[in-house]
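Heads up: the protein sequence lines correspond to chains A and B, in order. All the letters of the first sequence, read from the start, carry residue numbers 31 to 242 under the numbering used here. All the letters of the second sequence, read from the start, carry residue numbers 15 to 313 under the numbering used here.
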Amino acid sequence: MTVIQELSEQLQQGNPKNVAELTRQAINENIDIKTILDKGLIAGMSVIGEKFKAHEIFLPHVLLAAKAMYAGMDLLKPLLLKEGIPTRGKVIIGSVQGDLHDIGKNLVAIMLKGAGFEVIDLGNDVSPEKFLDTAEKENAGVVGMSALLTTTMPVMKKVIDLARARGLYGKKRFIVGGAPLSSEYAKEIGADAYCFDGVSAVETVKRFAGIF
Amino acid sequence: MQSLAERLTQPGVLIADGAIGTMLFKCGLIAGECPEKINLDRSEILEEIALLYFHAGAEIVQTNTFGGSPLKLAMYSLDNKTEEINARAVQAVRKIVRDEAYISASCGPTGKLLEPFGDTKPEQIFETYRRQMKTLLAEGVDMICIETMTDIAEAVLAVKAARSISSMIPVCATMTFDPTPRGFYTIMGSTIEQAASELNNAGADIIGSNCGNGIMNMVTIAKEFKKHTTLPIIIQSNAGIPILKDGVSIYPETPEYMTEQSRELIDIDIKILGGCCGTTPAHIEAFKKILRENSAKTY
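Put into structure tokens, the structure is as follows:
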């Protein structure tokens, strides 16, 4: 097994210590940084995403794999910056105002980071203004909104209405997700896409970023 | 009235109440507001909901303390009011049901993830439940109902916390399972078999499932529990997954539909039948009616 395969494997096992060590080893062996990222970390996280989607593994396993991924990512980040390798794109994410549930949103953030996107996680109870202010300031292409409660879902519409008022609608992509959401509702409020889970969020954001 | 512990040993299904949360929203709770803050400011709403369920025939009425653990209340900076919030909730229900129905103290998840997945230590979970349950028990509830659990480790800690205060009080523990191609699992990966064995070992008296994906799944879940436990079983299903219609969310399962499906739950002899999100006093009344018909047939 190559060091890159081993890296992906250890990430899937949720072992941060080994992932950090193997990342260091790969860097020392002068393996291309982009290869370490794509074929090691991103490949490993993608397997985790698919397995979670298929109910083969559960939340704890994903969270441990994410910890392992971050251990590798932390070492690669400064090198990616130094070599001027751009991220795949920037995504703002948060649970909407009034909603304190963040497990689903965190999972989506993990999967997006794991797919190589830069994710700015605003946490929960995020106001429409904060979503859009941050998206503008950070020049993010995608705004991801999450809601677990049927009572907080309408805040998503507020964000999109405000985006229209500010002339951001059509310039930035708005994606929504959460247990009570549906593609019909996404359409009704004018969101660009409904994402059923982390894997479909990654697919959608990749599509928006022109990565297939 | 005989004690709940005694009642549980006798034949026949007990009817519990339905949803509190979705009822609170109907009564004006604003999204983002702490649902337990109502206990301090507007306890008349709690009395109103308790009265509706009591009149519908609920023999067990729950307190509005689902998020009443200090860890959960801390999200709204209300943890310093833990005792008052929990005490007021029991008092509101007591005022309505007096000693004509049993009071069940709802204890939901802390919203924290245990180490190593999250940053919370088992001792913190145990202590947070202990603090909440101390007040609930001091106020004289008839049962502790640990519910909507997805992590078996957290559920076990909650049961142990209850047991550490009282060895006598009936403790009920329910988990929320999702259907997968390989059977039912919680999002944290706990199985029904695991729930049945570990909750029993921790000292629970009644076990089962709540919330979930509608009553049909609950019938399958209850049967699965039956395979793995001899403890009495509780089922509190939600009224299906909410659908949005003209900007309003609607729970699709009607009292008639849920009652029809519940016949099977009664047939396999579950002990407590109630409702979760989206169920209303009309659902409880329908449950009660079918039980009456059933006992008329049997005796």
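Idealized CB from N, CA, C, for every residue including glycine.
**Request:** Can you check the region 144-178 of chain B for any beta strand (DSSP E) of at least 3 residues that lies completely inside it and give the ranges in chain order?
**Result:** Taking 3 residues as the shortest admissible run, the region 144-178 of chain B contains the following complete beta strand (DSSP E) segments, listed from N- to C-terminal end: 157-163.
**Asked** Cβ-heavy atom distance between Pro295 (chain B) and the ligand GTP below 8 Å?
**Response** Inclusion of the ligand GTP in the displayed structure is not the case, the ligand content being empty and no account of it being possible.
**Message:** I'd like the span of the beta strand (DSSP E) that includes Met189 (chain B), first residue to last.
**Reply:** That run of the beta strand (DSSP E) goes Val185 to Met189.
**Message:** Could you compute how far the alpha carbon of Lys237 (chain B) sits from the alpha carbon of Ile298 (chain B)?
**Reply:** Distance between the alpha carbons of Lys237 (chain B) and Ile298 (chain B) is about 22 Å.
**Request:** Report yes or no: do the region 119-134 of chain B and the region 76-92 of chain B share at least 3 C-beta pairs separated by less than 8 Å?
**Result:** Yes, the region 119-134 of chain B is in contact with the region 76-92 of chain B.
**Prompt:** In the structure shown, what three-state DSSP assignment does Tyr67 (chain B) receive?
**Reply:** Correct three-state label for Tyr67 (chain B): helix.
**Selected residue, minimal CA-CA separation from Gly128 (chain A), among A:Lys201, A:Asp62 and A:Met183** = Of the candidates A:Lys201, A:Asp62 and A:Met183, the residue whose Cα lies closest to the Cα of Gly128 (chain A) is A:Met183.
**Asked** By Cβ distance, which residues of its chain are closer than 8 Å to Glu168 (chain A), with the 5 residues on each side in sequence left out?
**Response** Answer for Glu168 (chain A): Lys120, Ile122 and Ile150, listed in chain order.
**Message:** With a threshold of 9 Å between beta carbons, is Phe80 (chain B) in contact with chain A?
**Reply:** Closer than 9 Å: no.
**Request:** Would you decide whether Pro269 (chain B) is buried or exposed? Buried here means 16 or more other CB atoms lie within 10 Å of its CB.
**Result:** So Pro269 (chain B) ends up on the buried side.
**Request:** Determine the DSSP secondary structure at Ala218 (chain B), reduced to helix, strand or coil.
**Result:** Ala218 (chain B) falls in the coil class under three-state DSSP.
**Message:** Please state the DSSP three-state secondary structure of Arg196 (chain A).
**Reply:** Arg196 (chain A) falls in the coil class under three-state DSSP.
**Asked** With 16 other CB atoms within 10 Å as the buried threshold, where does Leu111 (chain A) fall?
**Response** Exposed, because fewer than 16 other Cβ atoms sit within 10 Å of the Cβ of Leu111 (chain A).
**Message:** Nearest by alpha-carbon distance to Leu152 (chain A): which of A:Lys47, A:Lys135, A:Val92 and A:Arg237 is it?
**Reply:** In this structure, A:Lys135 is the residue among A:Lys47, A:Lys135, A:Val92 and A:Arg237 with its C-alpha nearest to the C-alpha of Leu152 (chain A).
**Asked** Got a sec, what are the start and stop residues for the alpha helix (DSSP H) Met103 (chain A) sits in?
**Response** For Met103 (chain A), the enclosing alpha helix (DSSP H) stretches over residues Leu89 to Lys112.
**Prompt:** Curious, which full-length beta strand (DSSP E) runs of at least 3 residues does the region 150-191 of chain A contain?
**Reply:** List check, beta strand (DSSP E) in window: 172-176.
**Range of the contiguous alpha helix (DSSP H) that encloses Leu54 (chain B)** = Segment Ile52 to Asp55, the alpha helix (DSSP H) holding Leu54 (chain B).
**Asked** Which partner residues does Asn224 (chain B) have in the DSSP bridge list?
**Response** Beta-bridge pairing by DSSP links Asn224 (chain B) to B:Gln250.
**Request:** List the endpoints of the continuous alpha helix (DSSP H) containing Pro269 (chain B).
**Result:** Pro269 (chain B) -> alpha helix (DSSP H) spans Pro269 to Asp281.
**Request:** For Phe88 (chain A), return the contacting residues in chain B, with the cut-off set at a CB-CB distance below 9 Å.
**Result:** Correct list: Tyr199, Thr200, Ile201, Met202, Gly203 and Ser204.
**Bridge partner(s) assigned by DSSP for Tyr90 (chain B)** = DSSP output for Tyr90 (chain B) lists no bridge partner at all.
**Request:** Round the Cβ separation of Asp186 (chain B) and Ile220 (chain B) to the nearest angstrom and send it over; I've been treating them as touching at under 8 Å.
**Result:** First, the residue type needs correcting, since residue 186 (chain B) is Cys and not Asp in the sequence shown. Yes, Cys186 (chain B) and Ile220 (chain B) are in contact; Cβ-Cβ is about 4 Å, under 8 Å.
**Asked** Can you list the alpha helix (DSSP H) stretches of 4 or more residues lying completely in the region 82-127 of chain B, in chain order?
**Response** Look at the region 82-127 of chain B and you find these whole runs of alpha helix (DSSP H), each 4 residues long or longer: 84-87 and 96-111.
**Request:** Compile a chain-ordered list of the residues in the region 23-57 of chain B whose CB is closer than 7 Å to at least one CB of chain A.
**Result:** Against chain A - using a Cβ distance shorter than 7 Å - the residues of the region 23-57 of chain B are Phe39, Ala45 and Gly46.
**Asked** Of the residues that make up the region 76-102 of chain B, which ones have a beta carbon closer than 9 Å to any beta carbon in chain A?
**Response** Those would be Met89 and Tyr90, in chain order.
**Item:** Close Cβ partners of Ala169 (chain B) (< 7 Å) along its chain, the five nearest in sequence each way excluded
**Value:** Hits under 7 Å: Ile160, Met163, Ala187, Met189 and Leu213.
**Request:** Determine the contact status of Gly289 (chain B) and Ile248 (chain B), defining contact as a CB-CB distance below 9 Å.
**Result:** Gly289 (chain B) places its beta carbon 9 Å or farther from that of Ile248 (chain B).
**N- and C-terminal bounds of the beta strand (DSSP E) containing Leu287 (chain B)** = Residues Ile286 to Gly289.
**Request:** Please compile the residues from chain B whose C-beta is within a distance smaller than 9 Å of the C-beta of Leu178 (chain A).
**Result:** Those within 9 Å of Leu178 (chain A) in chain B number zero; the least Cβ separation is about 11 Å.
**Prompt:** Is there contact here, the region 170-183 of chain B with the region 194-205 of chain B, by at least three beta-carbon pairs under 8 Å?
**Reply:** The region 170-183 of chain B vs the region 194-205 of chain B: no contact.
**Asked** If you follow the alpha helix (DSSP H) that Phe238 (chain A) is part of, which residue opens it and which one closes it?
**Response** Segment Gly228 to Ala239, the alpha helix (DSSP H) holding Phe238 (chain A).
**Prompt:** Alpha carbon to alpha carbon, what distance is there between Ile286 (chain B) and Ala30 (chain B)?
**Reply:** If you take the alpha carbons of Ala30 (chain B) and Ile286 (chain B), they lie about 7 Å apart.
**Asked** So, is the C-beta of Ile257 (chain B) closer than 9 Å to a C-beta in chain A?
**Response** Contact with chain A is found for Ile257 (chain B), since one of that chain's Cβ atoms lies less than 9 Å from the residue's Cβ.
**Item:** Cβ-based burial, Thr243 (chain B) [other Cβ within 10 Å; buried from 16]
**Value:** Thr243 (chain B) should be labelled buried.
**Message:** Which of the three DSSP states is assigned to Leu43 (chain B) in this structure?
**Reply:** If DSSP states are grouped into helix, strand and coil, Leu43 (chain B) belongs with coil.
**Message:** Pairs of beta-carbons, one from the region 169-177 of chain A and one from the region 31-40 of chain B, closer than 8 Å: are there three or more?
**Reply:** Not touching, per the Cβ criterion.
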